[in-house]
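The UniProt record's numbering numbers the first residue of the sequence shown as 1 and each following residue consecutively. Every residue gets a Cβ at the ideal spot worked out from N, C-alpha and C, and that includes glycine. Fair warning: this is a prediction, and the values are worked out from it, not measured in the lab. Please read the structure below before turning to the comments.
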Amino acid sequence: GLASVPLSVSGLYLYYPNPVLHQVCFGILLFNCTYRTIRPFKTAPSTVPSSDLRAARHYILTGSLLFILAFGIWNVDNVWCDTLTSLRAQSWGTFVDAVTQGHAWWHLLTGLGCTRIGVGTSYLLVCRKYPGAFELTSPVLGLVPAIRWRTSVVEKNGKGGGGTNGSAKMDKWQ
Numbered sequence: 001g002l003a004s005v006p007l008s009v010s011g012l013y014l015y016y017p018n019p020v021l022h023q024v025c026f027g028i029l030l031f032n033c034t035y036r037t038i039r040p041f042k043t044a045p046s047t048v049p050s051s052d053l054r055a056a057r058h059y060i061l062t063g064s065l066l067f068i069l070a071f072g073i074w075n076v077d078n079v080w081c082d083t084l085t086s087l088r089a090q091s092w093g094t095f096v097d098a099v100t101q102g103h104a105w106w107h108l109l110t111g112l113g114c115t116r117i118g119v120g121t122s123y124l125l126v127c128r129k130y131p132g133a134f135e136l137t138s139p140v141l142g143l144v145p146a147i148r149w150r151t152s153v154v155e156k157n158g159k160g161g162g163g164t165n166g167s168a169k170m171d172k173w174q
């Protein structure tokens, strides 16, 4: 099942602790997820507004670019770890120490990228099922948006939660 991939990669990494192996497995997993995200765009019904498709594509693309940037930083950190550590040891100050922590940047950027990809993919899927019923909010700190009922849907129904019954619960629509 789904858990077999990360468990297999983790087991293999414990047996053969080479960071390159871990990176290659991660890259393969990321490309597979990207491929699976592209398919719903190609099969989207014509009832889905093109602006909604563009918004979903924007967040998926920028999330993927953040992943690529993080992957590059991770590789730089692995290759020049000793050099960066010696720079930090020269007491260049807290700012330089913080900025040169490549592994921390890896986690920050992949977390942000994953969130943007998740929001973009979720938005794509709900827009396919309920065209025009949802919108993306303004991103928090310009980074991560949220999905909510489109205001025009709430006003049209005259009820507080969107949907035909005024409830914001998706199971009420299904």
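Contact check, residue i vs residue j under 8 Å by CB: the rounded distance?
i	j	result
C114	G72	Wrong, their Cβ atoms sit about 16 Å apart, outside the cutoff.
R55	L112	A small fix is needed here, since residue 55 is Ala in this sequence, not Arg. Their Cβ separation, rounded to whole angstroms, is 17 Å, which puts A55 and L112 out of contact at 8 Å.
V5	L29	7 Å
L84	G102	7 Å
What is the rounded straight-line gap between the Cα of residue i and the Cα of residue j?
i	j	result
I147	G1	29 Å
V48	V140	25 Å
R128	P45	7 Å
G163	F41	Residue confidence for G163 is low, a pLDDT of 42 falling below 50, so the modelled location carries little weight; the figure read from the coordinates is stated next. The alpha-carbon atoms of G163 and F41 are separated by roughly 24 Å.
N78	Y16	17 Å
P19	S152	50 Å
Check residue i in the structure and name its three-state DSSP category.
i	result
R128	helix
W74	helix
Would you decide whether residue i is buried or exposed? Buried here means 16 or more other CB atoms lie within 10 Å of its CB.
i	result
L14	exposed
F67	buried
L124	buried
residue 176	In the structure as shown, the chain begins at 1 and stops at 174. Residue 176 is therefore absent and cannot be evaluated.
D82	exposed
R116	buried
T43	exposed
I60	buried
Exercise. Whole alpha helix (DSSP H) runs in the segment 96-146 with 4 or more residues, listed along the chain?
Worked result: The DSSP assignment places complete alpha helix (DSSP H) segments of no fewer than 4 residues inside the segment 96-146 at 102-129, in order along the chain.
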